[in-house]
Amino acid sequence: MSKYTVDERGYYGQFGGAYIPEMLYPNVEELRQNYLSIIESADFKKEFDLLLRTYVGRPTPLYFANRLSEKYKTKIYLKREDLCHTGAHKVNNTIGQILLAKRLGKQKIIAETGAGQHGVATATVCALMGMECIVYMGKVDMERQKPNVERMRILGTKVVPALSGSMTLKDATNEAMRHWINNPTDTHYIIGSVVGPHPYPDMVARFQSVISAEIKSQLQSEIGNPFPDYVFACVGGGSNAAGAFYHYLNDEHVTLVGVEAAGKGVDSGESAATTALGKIGVLHGSKMLLMQTLDGQVVEPHSISAGLDYPGIGPMHAHLFDVGRVKFVSATDDESMNAGIELSRHEGIIPAIESAHALAALKQFEFAEDDVVVVNLSGRGDKDLETYIRWGKY
Amino acid sequence: MKNRITELFSKKKDNLLNVYYTAGYPKLNDTIVIAKALEAGGADLIEIGIPFSDPVADGPTIQASNKVAIDNGMNVSLLLAQVRTIRKDVKIPIILMGYLNPVMQYGVEKFVKDASAAGVDGLILPDMPIHVYEEEFKELFHQHNLCNTFLISPTTSEERIRKIDHATHGFIYAVSSSSITGAKGEFTQGQLDYFKRLKDLKLNNPFMIGFGISNNASFKKAAAYSAGAIVGSAFITLLGEAKDLDSEIQAFVKSLKG
Chain A
1 MSKYTVDERG
11 YYGQFGGAYI
21 PEMLYPNVEE
31 LRQNYLSIIE
41 SADFKKEFDL
51 LLRTYVGRPT
61 PLYFANRLSE
71 KYKTKIYLKR
81 EDLCHTGAHK
91 VNNTIGQILL
101 AKRLGKQKII
111 AETGAGQHGV
121 ATATVCALMG
131 MECIVYMGKV
141 DMERQKPNVE
151 RMRILGTKVV
161 PALSGSMTLK
171 DATNEAMRHW
181 INNPTDTHYI
191 IGSVVGPHPY
201 PDMVARFQSV
211 ISAEIKSQLQ
221 SEIGNPFPDY
231 VFACVGGGSN
241 AAGAFYHYLN
251 DEHVTLVGVE
261 AAGKGVDSGE
271 SAATTALGKI
281 GVLHGSKMLL
291 MQTLDGQVVE
301 PHSISAGLDY
311 PGIGPMHAHL
321 FDVGRVKFVS
331 ATDDESMNAG
341 IELSRHEGII
351 PAIESAHALA
361 ALKQFEFAED
371 DVVVVNLSGR
381 GDKDLETYIR
391 WGKY
Chain B
1 MKNRITELFS
11 KKKDNLLNVY
21 YTAGYPKLND
31 TIVIAKALEA
41 GGADLIEIGI
51 PFSDPVADGP
61 TIQASNKVAI
71 DNGMNVSLLL
81 AQVRTIRKDV
91 KIPIILMGYL
101 NPVMQYGVEK
111 FVKDASAAGV
121 DGLILPDMPI
131 HVYEEEFKEL
141 FHQHNLCNTF
151 LISPTTSEER
161 IRKIDHATHG
171 FIYAVSSSSI
181 TGAKGEFTQG
191 QLDYFKRLKD
201 LKLNNPFMIG
211 FGISNNASFK
221 KAAAYSAGAI
231 VGSAFITLLG
241 EAKDLDSEIQ
251 AFVKSLKG
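Heads up: the sequence lines are chains A and B, in that order.
Quick note on numbering: the first sequence equals residues 1 to 394 in UniProt numbering.
Quick note on numbering: the second sequence equals residues 1 to 258 in UniProt numbering.
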């Protein structure tokens, strides 16, 4: 048990817990009582590992980015989560959760999605397992991310527009929770990030922790030392960062950097930089850091990247920020778009705009020449082509 | 110390009507008019909702009223000022219901103290975990003479119902179905069996049934098994359409109680 992982009551320091209406209690409690014994069972591990290897395409490469390293005068490695099936790390979690749902005897799956990556990853595993799937997506996001809506539909998923509130990710999450309240027995809710009531943040972090487990062994064989000097990852809700940091949390000599979306600037009023702008609060079932008004109403965030467009960060990251274990910085829309183009031109990799935020933060650090810097490249840029085109500066 | 909720339940055991509405809806200061009309019409308790941007346990009707109320400028301080005004005339118990976040931002201790001083008798914070209440707030609630209501639903186990009964002071809110708030048709046999099961548990606290109560028929059915019932969405719909709040509210309450 580490001081950075969840305690037995579901808290990370002052964050976490299960702040849910009673109607959700039986579902969440069933999950809490069973998740560890299931995911630690040999039979689960075997099936999970097999699918990660033969279906997702793991281990994903740890690639030494030669030209980018030259430019930054240090040693930059990219963890290629963008090469996962479906185009991002999200599928690590959906594979894990659907195997868990099967073992809990659930027949139906629901999920929320913002940009559509988690929705597609969920629709994919539901097709794989032959399970019925409904994905809630804000009406505004459905218009912004049409190709992903159609990908989900091709995979046989029903996409339901969230019409409440601001009609984006947080509202899609509310709608999925309402659906779960209305369908308490046969349905499992696959949350896509390290948010939600305990045990979700811990469960999702465990499924994503394969990322740092692989980085460790890949660095060991590559450079003879499993410990990099830095790990960079973008943070929306925080799932790819949770995975990239997980096995380094207790290795305090590894600097962990979480990069939030500053939008048009942290103080512009159009930002998603929660650690700079948020306060402790309760949303979607846990105590987290939350962007909100003085009255406690949740504020709508802004980022050019739909995947970082969430008004809070999950309890594990809130705690890591609070105790100073992870250094949180932010990158603006423009800085991130430029970083995306820079990676495209130097390495022939067009990154997701979420991941481009992690790359943009490299400029804020001074590295030594022999520093080993790992950037978690959480997703690929195919889904963002339209945003790149609209931005146009290339 | 006297509390209007415990006094009410000690005197009257059945057919109690609790009416929910969202503070600051449809207009910011309607909170006051509505409370007076409810008492005049014969409601036994008033439950005023603190609006929140993300009310996950609520259906479309109450969600929409929350949004209007927030846009109208409603917040906790303003609501407490309105309750002080309401208390100059209204004698029946007042309960505040709200999601935890706006209360947390106001400060839970300050909220409990100020609510009690304003004349509030009880709180319903549906997303507050029992252990948090027992460890951090129970003593505070008692000190300020506030009742605390927890929810139970058809999927709540008997063991947990007993635990909730133990943590509750005042009355238990029995949600009629596995659902979010909102008017629905007739109760099913399954729901009636659940009400009977609850009645037979002989809990320490009385319970009131809410969710899906919209008319005299559903009120009577729910009240047959419990201390009474709670009406929310149907009333919010009326508020949204009413031309004359006072007379229409009084007529609504009378028709509900029959």
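A virtual CB, placed ideally from N, CA and C, is assigned to each residue, including glycine.
Environment of B/K257 [buried if 16+ CB atoms lie within 10 Å]: buried
May I ask you to list the residues that DSSP assigns as paired with A/P161? A/M137
Hey, B/Q82 and B/I32: beta-carbon distance below 8 angstroms or not? yes
What's the call for A/S330, buried or exposed, on a 16-neighbour Cβ count within 10 Å? buried
Might you give, ordered along the chain, the residues of its own chain that have their beta carbon closer than 8 angstroms to the beta carbon of B/M97, omitting 5 neighbours on each side? Y20, E47, I48, G49, I50, L123, I124, L125, P126
Is A/Y200 helix, strand or coil when you go by DSSP? helix
To the nearest angstrom, report how far apart A/E22 and B/E158 are at their CA atoms. 13 angstroms
Quick one: what does DSSP say B/Q82 is sitting in, helix, strand or coil? helix
What residues in its chain sit with their C-beta under 6 angstroms from that of A/E300, if we drop five residues either side in the sequence? S166
Closest Cβ-Cβ distance between B/Q63 and chain A: below 8 angstroms? yes
Residues of chain B with CB under 9 angstroms from A/K170, in chain order? S53, D54
Check whether the region 204-216 of chain B touches the region 240-252 of chain B, counting contact only when three or more Cβ pairs, one atom from each stretch, lie closer than 8 angstroms. no
Can you tell me whether A/C84 is helix, strand or coil according to DSSP? coil
Under a three-way DSSP split, which group does A/I223 fall into? helix
Can you give the beta carbon distance from A/R32 to B/V56, rounded, assuming they're within the 8 angstroms contact cut? That belief does not hold up - the Cβ atoms of A/R32 and B/V56 are roughly 18 angstroms apart, past 8 angstroms.
With H, G and I counted as helix, E and B as strand and the rest as coil, what does DSSP make of A/R380? strand
A/L256 versus A/T157, A/P26, A/R380, A/A358, residue with shortest Cα-Cα distance: A/A358
What separation, rounded to the nearest whole angstrom, lies between the Cα atoms of A/A339 and A/I76? 14 angstroms
Of the choices B/T156, B/T85, B/A174, whose alpha-carbon is the least far from that of B/A118? B/T85
Taking its Cβ as the centre, do 16 or more other Cβ atoms sit within 10 Å of A/V323, making it buried, or is it exposed? exposed
Which residues share a DSSP beta bridge with B/M97? B/G49, B/I124
I'd like to know whether the C-beta of B/L151 is nearer than 8 angstroms to at least one C-beta of chain A. yes
For the putative contact between B/I34 and B/L239, defined by C-beta atoms under 8 angstroms, what is the C-beta separation to the nearest angstrom? 7 angstroms
Under 8 angstroms by Cβ, that's how I've got B/E39 and B/K91 pegged, so tell me the actual separation to the nearest angstrom. 7 angstroms
Would you kindly check if the distance between the Cβ of A/K170 and the Cβ of A/Y310 is under 8 angstroms? yes
Once DSSP output is grouped into helix, strand and coil, what is the label at A/G96? helix
Using 8 angstroms as the limit for Cβ to Cβ distance, is A/R32 near chain B? no
Around the Cβ of A/L385, are there at least 16 other Cβ atoms within 10 angstroms (buried) or fewer (exposed)? exposed
CB of A/M203 to nearest heavy atom of the ligand FMN: below 7 angstroms? Inclusion of the ligand FMN in the displayed structure is not the case, the ligand content being empty and no account of it being possible.
Within-8 angstroms CB hit, B/V68 to chain A: no
Please report the distance separating the alpha-carbon of A/S286 from that of A/R67. 42 angstroms
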